[in-house]
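Peer 1:
Protein chains: 2
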Amino acid sequence: MTSIDPQVVDYVHDVARRARVASRELALLTRAQKDAALHALADALEVGSAAVVSANQEDVERERAGGMVEGLVDRLTLTTERVRAVAQALRDVAALPDPVGEVVRGSTLANGLTIRQVRVPMGVVGMIYEARPNVTVDAAGLGLKSGNAVILRGGSAAGRTNEALVGILREALTAQGLPADAINLLTQGGRDAGRALMTARGLVDLVIPRGGASLIQTVVLESTVPVIETGVGNCHVYVDAGADLSTALAITINSKTHRPSVCNAAESLLVHTSVAADFLPKALAELAGAGVVLHTDARSGEYADTAGVAHDAVTDEHFATEFLTLEMSVAVVDDLDAALAHVQQFTSGHTEAIVTEDRAAARRWVNEVDAAAVMVNASTRFTDGGEFGFGAEIGISTQKLHARGPMALPELTTTKWVVEGDGQIR
Amino acid sequence: MTSIDPQVVDYVHDVARRARVASRELALLTRAQKDAALHALADALEVGSAAVVSANQEDVERERAGGMVEGLVDRLTLTTERVRAVAQALRDVAALPDPVGEVVRGSTLANGLTIRQVRVPMGVVGMIYEARPNVTVDAAGLGLKSGNAVILRGGSAAGRTNEALVGILREALTAQGLPADAINLLTQGGRDAGRALMTARGLVDLVIPRGGASLIQTVVLESTVPVIETGVGNCHVYVDAGADLSTALAITINSKTHRPSVCNAAESLLVHTSVAADFLPKALAELAGAGVVLHTDARSGEYADTAGVAHDAVTDEHFATEFLTLEMSVAVVDDLDAALAHVQQFTSGHTEAIVTEDRAAARRWVNEVDAAAVMVNASTRFTDGGEFGFGAEIGISTQKLHARGPMALPELTTTKWVVEGDGQIR
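As given, the protein sequences belong to chains A and B, one line each in that order.
Taken in order, the first sequence gives residues 1 to 426; the numbers are from our numbering.
Taken in order, the second sequence gives residues 1001 to 1426; the numbers are from our numbering.
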């Protein structure tokens, strides 16, 4: 681990200290105040849309000239319509219940003390993410609604766009009589700023990395601030002996091809040997027809040959890879135990699906697979805050501490115990 | 950070891998199986009591000869009666509800998918703690009940005792047909074993340090496994202008002197200037009479002189110190804002108490103090899993992620989302 430029540390700590001061004020806002502010932020973004789009065009032109692939350029691009959509997302967050102040549990003790566990904001939340300007606005909005100050370190490719967005949001906060330091963008220091953020113990309460496996790995290993790991999804679909094969086909195709670039897309297909001959030729032909590059083990390779589709030999590296593209590893397994063992070896703990009409097999899958989401007869694509009805998503946790699976507003809070008495002593 | 002896890493990883295999079996046990095992463990400890006490005497004699202070010798010592008490604690844990399988929330989505968030064990939990043999048995029992395998790294001063205890517990597990690797003691590698434990990512799901500030600081800074910080308590009692002064006196004395060596004991007394003349001479005299060494600011020092009790000048270092002995820092503050600012500067985020009959002051304290527990008119000593009615306590979290305040069985679990459908795709 190389040392961090001390000037960058000073810069980030200074931002964090101001964010902490703002966070104390945010923690005490009523829901009505926060919702009004979210609407004001949304309005300001729409009013400032032209400036945002213009700043974004600078980013897009520079990055395209620098050779950024079109998939990433698309994620980077903001149009007037997309700015309107992110503004609308802020209004949608305003419509969600306020997690702050919720009484999680409580009781009156034998001695008359009343105790209650109440949701309160985390304080200062750092987000480290890639060049996706919509994440900037989402994180700011979810942070504000949950009473947290946020410190954003977005990918530098979106630098001008993020500055334009955060400039507008901070001005709108000030106009609302709220502290601008509720929403902070790290504009200096490059990667060292991210590293200073994740080591700002006592100033930052939580860091959430959102991005590829290497970004998340760096944050997890170097951070001394508590971290929530998100988003690496090496998801499997297992077609059991007891599967309805047309259901299995629909789930396999949907899980792999509906949106291959996201973490809840499937990367591996496992098929019970007893249904392989009936299922695989058709499934592999359909996957290949949808443009999926197939990495097959010996047995599934024979069915690919039967179907006359191209394939190469799968390796353990394939099995361990989150492709995030139209690629899939395929294997035939002898039984449910073999499927469970394979998943146990290669899972990233995100989403694992079984297709079966066999109740005992479904129960074993649900109980024995260790992942944020275990699915029976459903597409892996359903692991999502929006699909789960949370109304928002700040990321999908693949760790076990604090939050597991899609995270929304309550996951951005902690709790405090409030104990009230009449002079009780022990 | 110096590197860890690779042989110690191999040893710890080997233990962790065996613990992980055991954890899969533990996760599937019914409550009845776990409770029967806990009773069997308790019985075995009572049967093996003489061997434990004899091993403990070796530890005690060696440590006493080595100059261990009597307070620590007392915590290290096991008698037949104390062995019976730790065995009884296992039976008490058996009587508690099983957190595993609890459905935390759930719903049926518009598309007919049913989703439910279910409590499941963490997997493998590491505990790093000092020479307190009762923690060995408590952690083993709470781990078993919550379906987790535990890896224990206790203070080396209790080495023989811990080996005797864990040997008995593992034998009893085997006799119950359960995996002995559910309960593991690190007996080699000294401090490096602890460091290997806290960096065993992928093998260990959670590390809980229990002990002094320096142990916890080391774990938090070096660990790459998720950590829950516990137990540093720099707790304040603030006597407000609106306090009932006899209530304030009782709470001050109880918070400081009832059991000064524990984290929920008070370390600092803040008194509103308007009641200082009425309150402090009597309070300081009573504290001094109970043997409390007083560190006073200028104004409280004058009241100490009035009362004729010894005192020295308080420093910021005193204000920042968790004494864990009969010492207390004392200051007079101008108003509630000054008290809040002082607490904000020096709190360790454990427990902060106000004494007041003024509703507005109490509400501000509850809302504005950022700590695991905020108290109104109650002794700081009540922040405790037993007092809160949890029936057990694995530690008191002073961090914001996952758990805050006393931690019992549910805090040793995570959740998984179970999604069941009939072929739903997106």
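In this text, a Cβ means the ideal position worked out from N, Cα and C, and glycines have one as well.
Remember, predicted model here, so these are calculated numbers, not experimental data.
Measure the CB-CB distance between Ala1372 of chain B and Thr1380 of chain B and report whether it falls below 8 Å.
Peer 2: Contact flag unset, no.
Peer 1: What are the boundary residues of the beta strand (DSSP E) that Met1122 of chain B is part of?
Peer 2: Taken as a continuous stretch (DSSP letters only), Met1122 of chain B belongs to no beta strand (DSSP E), as it is neither H nor E.
Peer 1: List the residues of chain A that Ser1107 of chain B touches, going by C-beta distances under 9 Å, in chain order.
Peer 2: Residues of chain A passing the Cβ test: Phe388 and Gly389.
Peer 1: Between the segment 1249-1274 of chain B and chain A, which residues of the former have a C-beta closer than 9 Å to a C-beta of the latter?
Peer 2: Answer set for the segment 1249-1274 of chain B: Ala1250, Ile1251, Ile1253, Asn1254, Ser1255, His1258 and Arg1259.
Peer 1: Name the chain B residues whose beta carbon is nearer than 8 Å to that of Ile381 of chain A?
Peer 2: It should be noted that the sequence gives Arg, not Ile, for residue 381 of chain A. Ile1425 and Arg1426, listed in chain order.
Peer 1: Quick check on Met198 of chain A: does DSSP put it in helix, strand or coil?
Peer 2: It is helical.
Peer 1: To which residues of the same chain is Tyr129 of chain A closer than 6 Å at the C-beta, ignoring the five residues directly before and after it?
Peer 2: Answer for Tyr129 of chain A: Val135, Gly154, Arg210 and Gly211, listed in chain order.
Peer 1: Quick one: give me the first and last residue of the beta strand (DSSP E) that Leu1185 of chain B is part of.
Peer 2: It spans Ile1183 to Leu1185 - the beta strand (DSSP E) in which Leu1185 of chain B sits, taken as one unbroken run.
Peer 1: Would you call Thr174 of chain A buried or exposed, if buried means 16 or more other Cβ atoms sit within 10 Å of its Cβ?
Peer 2: The residue is exposed, with fewer than 16 neighbouring Cβ atoms inside 10 Å.
Peer 1: Under the assumption that Leu409 of chain A contacts Val125 of chain A (Cβ atoms under 8 Å), give the Cβ distance between them as a whole number of angstroms.
Peer 2: Actually they do not touch by this definition, with Cβ atoms about 12 Å apart.
Peer 1: For a cutoff of 8 Å on Cβ pairs, would you count Gly421 of chain A as touching chain B?
Peer 2: For Gly421 of chain A, the answer is yes, since a Cβ of chain B falls inside 8 Å of its Cβ.
Peer 1: Name, going along the chain, the residues of the segment 180-204 of chain A whose beta-carbon falls closer than 9 Å to a beta-carbon of chain B.
Peer 2: Residues Arg201.
Peer 1: Check this for me: beta carbons of His1295 of chain B and Asp1312 of chain B, under 8 Å apart or not?
Peer 2: For His1295 of chain B and Asp1312 of chain B, yes; Cβs fall inside 8 Å.
Peer 1: State the beta-bridge partners of Ala373 of chain A as determined by DSSP.
Peer 2: Note: Ala373 of chain A sits in a beta bridge opposite A:Thr351 and B:Trp1417.
Peer 1: Candidates B:Asn1367, B:Met1328 and B:Thr1306: which alpha carbon is nearest Pro1336 of chain B's?
Peer 2: A small fix is needed here, since residue 1336 of chain B is Leu in this sequence, not Pro. Of B:Asn1367, B:Met1328 and B:Thr1306, the residue nearest in Cα terms is B:Asn1367.
Peer 1: What is the DSSP secondary structure of Ser329 of chain A, counted as helix, strand or coil?
Peer 2: It is a strand residue.
Peer 1: Would you please state the rounded distance, in angstroms, between the beta carbons of Thr80 of chain A and Val53 of chain A? I believe it to be under 8 Å.
Peer 2: Yes, they are in contact, since the Cβ atoms of Thr80 of chain A and Val53 of chain A sit about 6 Å apart, within 8 Å.
Peer 1: Using the beta-carbon count (16 or more within 10 Å), is Leu28 of chain A buried or exposed?
Peer 2: Burial call: exposed.
Peer 1: Checking 8 Å against the spacing of the C-beta atoms, do Gly385 of chain A and Ala392 of chain A come in under that value?
Peer 2: Yes. Within cutoff.
Peer 1: If you follow the alpha helix (DSSP H) that Leu41 of chain A is part of, which residue opens it and which one closes it?
Peer 2: First-last of the alpha helix (DSSP H) with Leu41 of chain A: Arg31 to Val47.
Peer 1: With 16 as the cutoff for other CB atoms within 10 Å, does Pro133 of chain A come out buried or exposed?
Peer 2: By the 10 Å Cβ count, Pro133 of chain A comes out buried.
Peer 1: Could you pull the DSSP bridge partners for Cys235 of chain A from this structure?
Peer 2: Note: Cys235 of chain A sits in a beta bridge opposite A:Ala266.
Peer 1: In chain E, which residues lie less than 8 Å from His1402 of chain B when you measure between Cβ atoms?
Peer 2: No chain E appears in this structure, whose protein chains are A and B.
Peer 1: So is Met122 of chain A in contact with chain B if we call contact Cβ pairs under 8 Å?
Peer 2: Output row for Met122 of chain A: interface = yes.
Peer 1: Within 10 Å of its beta-carbon, does Asn1195 of chain B have 16 or more other beta-carbons around it, so buried, or fewer, so exposed?
Peer 2: Inspection of the sequence shows that residue 1195 of chain B is occupied by Arg rather than by Asn. Buried, since its Cβ has 16 or more Cβ neighbours within 10 Å.
Peer 1: Identify every residue that forms a DSSP beta bridge with Asp447 of chain A.
Peer 2: Residue 447 of chain A cannot be examined here, being either before or after the span of chain A that is shown, 1 to 426.
Peer 1: Quick check on the burial criterion: 16 or more other C-beta atoms within 10 angstroms. Buried or exposed for Val1237 of chain B?
Peer 2: Buried, by the Cβ-count rule.
Peer 1: Run down chain A in chain order and give the residues with a C-beta less than 7 Å from the C-beta of Gly1405 of chain B.
Peer 2: Neighbours of Gly1405 of chain B on chain A, chain order: Trp417.
Peer 1: Let's see if you can read the secondary structure: which residues bound the beta strand (DSSP E) around Ser107 of chain A?
Peer 2: Unbroken beta strand (DSSP E) run through Ser107 of chain A: Val103 to Thr108.
Peer 1: Does any residue of chain B bring its CB to less than 8 Å from the CB of Met328 of chain A?
Peer 2: Answer no: the Cβ-Cβ gap between Met328 of chain A and chain B never drops below 8 Å.
Peer 1: Kindly indicate which three-state DSSP category Arg1153 of chain B falls into: helix, strand or coil?
Peer 2: Strand, per DSSP.
Peer 1: Which chain B residues sit within Cβ distance under 8 Å of Val220 of chain A?
Peer 2: Neighbours of Val220 of chain A on chain B, chain order: Arg1201 and Thr1224.
Peer 1: From Gly1231 of chain B to Arg364 of chain A, what distance separates their C-alpha atoms?
Peer 2: Between Gly1231 of chain B and Arg364 of chain A, the C-alpha separation is close to 39 Å.
Peer 1: Looking at the strands, I want to know which residues DSSP matches up with Val1204 of chain B.
Peer 2: In DSSP, Val1204 of chain B forms a bridge with B:Arg1201.
Peer 1: Between the alpha carbons of Thr306 of chain A and Arg1017 of chain B, how many angstroms are there, rounded?
Peer 2: Thr306 of chain A and Arg1017 of chain B: Cα-Cα distance of roughly 41 Å.
Peer 1: If you follow the alpha helix (DSSP H) that Ile1425 of chain B is part of, which residue opens it and which one closes it?
Peer 2: Unbroken run through Ile1425 of chain B: none, as it is neither H nor E.
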